[in-house]
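A.B. asks:
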Amino acid sequence: MDMKVAKKKLGLKERYSHMTRGLGWDTSYQSMDDVYPYAKYEGIKIHDWDKWEDPFRLTMDAYWKYQAEKEKKLYAIIDAYNQNNGHLSVTDARYLNTVKLFLTGVSPLEYMAHRGFAHAGRSFPGAGPRIACLMQSLDELRHAQTQVHAISNYNKHYNGFHEFRHMHDRVWYLSVPKSFFDDAVTAGPFEFMVAIGFSFEYVLTNLLFVPFVSGAAYNGDMGTMTFGFSAQSDEARHMTLGLEVIKFILEQDPDNLPIVQRWIDKWTWRGYRVLALVAMMQDYMLPKRTMSWKEAWEVYFEENGGALFKDLARYGIKMPECAKTIALEKDHLSHQTWGTFYNYGAAAAFHTWVPDEDEMNWLSAKYPSSFDKYYRPRLEYWREQAAQGNRFYNKTLPMLCTTCQIPMLFTEPGDPTKTCYRETTFKGEKYHFCSDHCKKIFDDEPEKYVQSWLPVHQIYQGNCFPEGTDPTAEGFDPLAAVLQYYHLEFGRDNLDFEGSEDQKNFDAWRGMATRNT
Amino acid sequence: MPNIMLVLQANEETRPIVEAVAEDNPHARVDHQPAMVKIDAEDRLAIRRESIEEKLGRPFDLQELHINLITLSGHIDETDDEFVLSWNN
Chain H
1 MDMKVAKKKL GLKERYSHMT RGLGWDTSYQ SMDDVYPYAK YEGIKIHDWD
51 KWEDPFRLTM DAYWKYQAEK EKKLYAIIDA YNQNNGHLSV TDARYLNTVK
101 LFLTGVSPLE YMAHRGFAHA GRSFPGAGPR IACLMQSLDE LRHAQTQVHA
151 ISNYNKHYNG FHEFRHMHDR VWYLSVPKSF FDDAVTAGPF EFMVAIGFSF
201 EYVLTNLLFV PFVSGAAYNG DMGTMTFGFS AQSDEARHMT LGLEVIKFIL
251 EQDPDNLPIV QRWIDKWTWR GYRVLALVAM MQDYMLPKRT MSWKEAWEVY
301 FEENGGALFK DLARYGIKMP ECAKTIALEK DHLSHQTWGT FYNYGAAAAF
351 HTWVPDEDEM NWLSAKYPSS FDKYYRPRLE YWREQAAQGN RFYNKTLPML
401 CTTCQIPMLF TEPGDPTKTC YRETTFKGEK YHFCSDHCKK IFDDEPEKYV
451 QSWLPVHQIY QGNCFPEGTD PTAEGFDPLA AVLQYYHLEF GRDNLDFEGS
501 EDQKNFDAWR GMATRNT
Chain D
1 MPNIMLVLQA NEETRPIVEA VAEDNPHARV DHQPAMVKID AEDRLAIRRE
51 SIEEKLGRPF DLQELHINLI TLSGHIDETD DEFVLSWNN
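Top line first, the protein sequences correspond to chains H and D. Heads up, the first sequence is in full-length UniProt numbering, so the first residue is 1 and it goes up one at a time. Heads up, the second sequence is in full-length UniProt numbering, so the first residue is 1 and it goes up one at a time.
So this is what it looks like as structure tokens:
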């Protein structure tokens, strides 16, 4: 890269000041309260919006320049990767299932983040946060687009990529990430910023992107590695915005502290629950492992998050209570989640499998206190059953947690042999939860969470069949009807990786690429 | 002591940047991971424009860091000459 660095007339601080608040104004024909109707109702008190600082001091003109540079690099690499049949250079075709999960589960969230930051930016009376939110909103749109572009090449060759947007709004496990983000964008602008800008971007996003992207690099997926790092280069700015939001709110008024603490507690847990998908991806789905979920949690949450919360202690902010539960779950999370997907492999839009011996040994080494004791025997039993022609597919629908929408698969903190159940009664109806933290979130705002669109309930209510389906007809097959409603093709998109079309095609094409006859 | 982290993509553009940061911050640890470089330091990490320019042999705008940045931690203070990460405690 060879960029001209012009002789500067103004320093960075002055340029930033002129190009942000210098361009803002207070309205006079209409009251500021009417123009910014969402700025006060959450109870957050702001006395001086000019105290807001963007530490990067990035202005829109510089923003366009660097974003354009990133885009040019990204598309050049994606084109080269595709032209060169890059898809045949991944470790093995099982790897592609991580990309399917990412496209159906995460990319639509990028788009929602675009909408969320546009809305939050519009809601803040201060010019500084408005511009930071505008940049982030554009970043998130770019992420959604580049992910769809990069991954669309896989859709030419493999199953499960064809209807990611349709699936995102319907498929049972995708309601977990979807409801997480819908929950955030339907909150007020300050809560949204704490939820996504701080708790997700600052505290948790490293756990999503860094292991996922270096996982892509390790597994030969240059396209994903490139969009991942390109997106991640924006994340550093997003994280900074997230931290700035917290500091700004807390410095404005002491009354803001309890509100912010409650949001941090809530959204750290909400985000962590979504990351269960990432945990199983790291430990089970990447054919070439990078780091275990537990290691990633220790580096990016316990070490870095620990430094962060220690720093925020001067404002009175405490490490969220849920961190203790998460520490107890870190030896179990990925195993329990993958076990559930293996069970429900007939209803998922990607393939599942039992890890091979080498992979199980890796898991034993990474999880010495839990894997051999609790999880290896179960996987070996499933492997044995599959070898005898009894590949286990669970056909009954699971009970879901009303808050995180994950099946009740998690165990009691400290006792991995006992499933954790919590319940609460609201207006005569009973609601179920996977944990104390999800129950507390519901109990704080029951009017919001009673509206949850829970996939299992919806299936039982008959809302997840193709239009015109008659569930009373003779020989009605509910699973088949639900999969049709999902646009998920039975026998192609779902079931075990062993024997799948993806497996056969990848082997045949890779063979053609390396042999002459 | 709280940790500061700066992670950059591993490529030809960042190689001189990493070298400059390592020289300017003798307390920092440089960890080369697949496709990325993770720099950890206690409390404070300074990225200086002049040192990078010396390595690069051309003018460098510190905001060019955005192109190859993966993640970071700590409070940021950025001017035309210096980009500093630190924790306040």
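Glycine included, each C-beta is placed from N, C-alpha and C at the ideal position.
Measure from the C-beta of LEU275(H) to each C-beta in chain D and report whether the shortest distance is under 7 Å.
C.D. replies: no
A.B. asks: Please classify GLU14(H) as buried or exposed, where buried requires at least 16 neighbouring CB atoms within 10 angstroms.
C.D. replies: exposed
A.B. asks: Which residue's Cα is closest to the Cα of ARG237(H): GLN451(H), TYR173(H), PRO129(H), GLU384(H)?
C.D. replies: PRO129(H)
A.B. asks: Mind pulling the alpha helix (DSSP H) runs of 4 or more residues that sit fully within the stretch 177-256 of chain H?
C.D. replies: 189-192, 205-218, 222-252
A.B. asks: Looking only at C-alpha atoms, which of ILE249(H), LEU88(H), ILE151(H), ASP169(H) sits nearest to THR514(H)?
C.D. replies: LEU88(H)
A.B. asks: Give the residues of chain D in contact with LEU58(H), contact being defined as C-beta atoms less than 8 Å apart.
C.D. replies: Those are GLN63, HIS66, listed as they occur along chain D.
A.B. asks: Less than 7 Å between CB atoms is the rule here; does ASN206(H) satisfy it with respect to chain D?
C.D. replies: Yes, ASN206(H) counts as interfacial toward chain D.
A.B. asks: Please report the distance separating the alpha-carbon of PRO2(D) from that of ASP50(H).
C.D. replies: Looking at the two C-alpha atoms, the distance is approximately 30 Å.
A.B. asks: For GLY414(H), which of ILE326(H), SER107(H), ASN153(H), GLU321(H) has the nearest alpha-carbon?
C.D. replies: ILE326(H)
A.B. asks: Do SER214(H) and PRO34(D) have their C-beta atoms closer together than 7 Å?
C.D. replies: yes
A.B. asks: Tell whether a beta-carbon distance below 7 Å holds between ASN85(H) and ASP502(H).
C.D. replies: no
A.B. asks: For PRO34(D), go through chain H and note every residue whose CB falls closer than 8 Å to its CB, in chain order.
C.D. replies: Result: SER214, ALA217, TYR218, THR290.
A.B. asks: Could you give the DSSP three-state label for GLN33(D): helix, strand or coil?
C.D. replies: strand
A.B. asks: List, in chain order, every chain H residue whose beta-carbon is nearer than 9 Å to that of ASP31(D).
C.D. replies: Going along chain H, no residue has its Cβ under 9 Å from ASP31(D), so there is no contact; the nearest lies around 11 Å.
A.B. asks: Using DSSP with H/G/I as helix, E/B as strand and the rest coil, what is MET319(H)?
C.D. replies: coil
A.B. asks: Please tell me whether GLU412(H) and CYS420(H) are closer than 7 Å, where the distance is taken between their beta carbons.
C.D. replies: Yes, the pair counts as a contact, with Cβ atoms nearer than the cut-off.
A.B. asks: How big is the Cα-Cα spacing for LEU333(H) and PHE410(H)?
C.D. replies: 8 Å
A.B. asks: List the residues of chain D that GLY11(H) touches, going by C-beta distances under 8 Å, in chain order.
C.D. replies: Within chain D, the residues near GLY11(H) are THR79, ASP80.
A.B. asks: Contact criterion: CB-CB distance below 7 Å. Does PHE371(H) meet it with respect to chain D?
C.D. replies: no
A.B. asks: Using a cut-off of 7 Å between C-beta atoms, extract the partners of ALA307(H) located in chain D.
C.D. replies: PRO2, ASN3, SER73, TRP87
A.B. asks: Have a look at THR14(D) and ASN68(D) and give me their C-alpha separation to the nearest angstrom.
C.D. replies: 7 Å
A.B. asks: Exposed or buried, MET222(H), counting other C-beta atoms within 10 Å across all chains shown (16 or more means buried)?
C.D. replies: buried
A.B. asks: Helix, strand or coil for ARG170(H)? Go by DSSP, reduced to three states.
C.D. replies: Of the three classes helix, strand and coil, the one that applies to ARG170(H) here is coil, per DSSP.
A.B. asks: So who's on the other strand from THR411(H), going by DSSP bridges?
C.D. replies: THR419(H)
A.B. asks: Whole angstroms are fine: how far does the CA of ALA481(H) sit from the CA of VAL37(D)?
C.D. replies: One C-alpha to the other measures close to 49 Å.
A.B. asks: Who are the Cβ neighbours of PHE190(H) in its own chain at under 6 Å, not counting the five residues just before and after it?
C.D. replies: If we look at PHE190(H) and ignore the five residues flanking it on each side, its Cβ neighbours are GLU42, ILE44.
A.B. asks: Pull up the CB-CB distance for ALA231(H) and PHE209(H), whole angstroms please, since I reckon it's below 8 Å.
C.D. replies: 7 Å
A.B. asks: How about MET280(H) and THR98(H): do their beta carbons lie closer than 7 Å?
C.D. replies: no
A.B. asks: In terms of alpha-carbon separation, which member of ASN505(H), GLY228(H), ASP265(H), PHE180(H) lies closest to ILE77(H)?
C.D. replies: GLY228(H)
A.B. asks: If you drop the 5 nearest sequence neighbours on each side, which residues of the same chain put their C-beta closer than 8 Å to that of residue 95(D)?
C.D. replies: Not covered by the structure: residue 95(D). The range shown for chain D is 1 to 89.
A.B. asks: What are the boundary residues of the alpha helix (DSSP H) that TYR374(H) is part of?
C.D. replies: From DSSP, TYR374(H) is part of no alpha helix (DSSP H); its letter is neither H nor E.
A.B. asks: How would you label GLN461(H), buried or exposed, when you count the other beta carbons within 10 angstroms and need 16 or more for buried?
C.D. replies: exposed
A.B. asks: Do VAL176(H) and TRP263(H) have their CB atoms nearer than 7 Å?
C.D. replies: no
A.B. asks: Given a cut-off of 7 Å on the beta-carbon distance, is the pair GLY316(H) and LEU397(H) in contact?
C.D. replies: no
A.B. asks: Could you tell me which chain A residues have their CB closer than 7 Å to the CB of LYS70(H), listed as they occur along the chain?
C.D. replies: Chain labels in this structure do not include chain A; the protein chains are H and D.
A.B. asks: I'd like the span of the alpha helix (DSSP H) that includes ALA118(H), first residue to last.
C.D. replies: 107-123
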